[in-house]
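Notes for the one structure printed next.
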Amino acid sequence: MNELLYKNSPAHSILSFLAWLYMQLVGKTSRITIKGQKDHPGPAIYALWHRQEVLMIYLHRGRNICGMVSKSKDGEYMARILLRFGFTFVRGSTTSGGIMALRGLIKAARGGYSVAITPDGPRGPIFKVQPGIVYLAQKAGLPIIPVACALSSKLILRSWDKYQFPLPFGRIEAVYGQPLPVAETDDVAAKTAELEAALNALTEEAEKLLAAKN
Numbered sequence: 001m002n003e004l005l006y007k008n009s010p011a012h013s014i015l016s017f018l019a020w021l022y023m024q025l026v027g028k029t030s031r032i033t034i035k036g037q038k039d040h041p042g043p044a045i046y047a048l049w050h051r052q053e054v055l056m057i058y059l060h061r062g063r064n065i066c067g068m069v070s071k072s073k074d075g076e077y078m079a080r081i082l083l084r085f086g087f088t089f090v091r092g093s094t095t096s097g098g099i100m101a102l103r104g105l106i107k108a109a110r111g112g113y114s115v116a117i118t119p120d121g122p123r124g125p126i127f128k129v130q131p132g133i134v135y136l137a138q139k140a141g142l143p144i145i146p147v148a149c150a151l152s153s154k155l156i157l158r159s160w161d162k163y164q165f166p167l168p169f170g171r172i173e174a175v176y177g178q179p180l181p182v183a184e185t186d187d188v189a190a191k192t193a194e195l196e197a198a199l200n201a202l203t204e205e206a207e208k209l210l211a212a213k214n
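Written out as structure tokens, the structure is:
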């Protein structure tokens, strides 16, 4: 775990530090409301849409969580940011090293780590859960906890998922759903659809909570 694939450079160090510093600013200046159980009593798999990962990294800093980071140069920046927030990670994606990364996540989960997954990432389609997270839950023996959030102050990037970059001094609603148990005998397609429905419902709930307070 925590494999850095590219030689350290001033850009890697400076940009990862600035990202850490910026998210501290966002967290300290935002009004954050959390609904549901944020910290599960044991290891679990947290599922969230790819476009909301920045905020969730901040909310779960220092929580003994393992994530998956691509082997690309862009992934290297994310890897170093995760280290600053107290995460561990394995390297890989659906297009490169995915099987090895999945094995690494299973090993981490069996070793007592929780896992964070963006099941529609890294390339979409948006809001469509890929079945790998259900397979991971089956092999690791962990429940899946769906998570969603809504931001009043954000920059929306021109990416496939309209990536949401939180801005300071806003209001944030984070909603945690009930743990979704996954047995080895469960139908993967059915559980995938169930998780997708849960994430979409939580996203809608978070947006409604935010609208009610604005």
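The sequence shown: position 201 = 201 (this note's numbering), numbered continuously.
Using N, Cα and C, we set each Cβ at its ideal position, and we do this for glycine too.
All figures in this text were calculated on a predicted structure; none of them were measured in a lab.
Asked, Found
"Out of ALA183, LYS213, GLY177 and GLU184, point me to the one whose CA is closest to ALA201's CA.", "GLY177"
"Where do the ends of the alpha helix (DSSP H) carrying LEU105 lie?", "98-110"
"ASP161: buried (16+ other C-beta within 10 angstroms of its C-beta) or exposed?", "buried"
"Going by DSSP, which residues form a beta bridge with VAL69?", "ARG91"
"Under a Cβ-count criterion, where at least 16 other Cβ atoms within 10 Å of its own Cβ denotes burial, should GLN164 be classed as buried or exposed?", "buried"
"By alpha-carbon positions, which one of GLY67, LEU83 and THR33 ends up nearest to ALA116?", "GLY67"
"Around the C-beta of LEU136, are 16 or more other C-beta atoms found within 10 angstroms, so that it is buried, or is it exposed?", "buried"
"First and last residue of the beta strand (DSSP E) that includes GLN24?", "Unbroken run through GLN24 is the alpha helix (DSSP H), 10-29; no beta strand (DSSP E)."
"Tell me which same chain residues have a C-beta within less than 6 angstroms of the C-beta of ALA44, skipping the five on either side of it?", "SER114, LEU142, PRO143 and ILE145"
"Is the beta carbon of ARG110 sitting closer than 8 angstroms to the one on ALA101?", "no"
"From LYS28 to ASP187, what distance separates their C-alpha atoms?", "43 angstroms"
"LEU15 to LYS213, Cα distance in whole Å?", "34 angstroms"
"Identify whether ARG51 lies in helix, strand or coil by the three-state DSSP scheme.", "helix"
"With a Cβ-Cβ cutoff of 8 angstroms, do GLY170 and LEU151 count as a contact?", "yes"
"Assuming LEU4 contacts GLU76 under a Cβ cut-off of 8 angstroms, what Cβ separation, rounded to an integer in Å, is found between them?", "7 angstroms"
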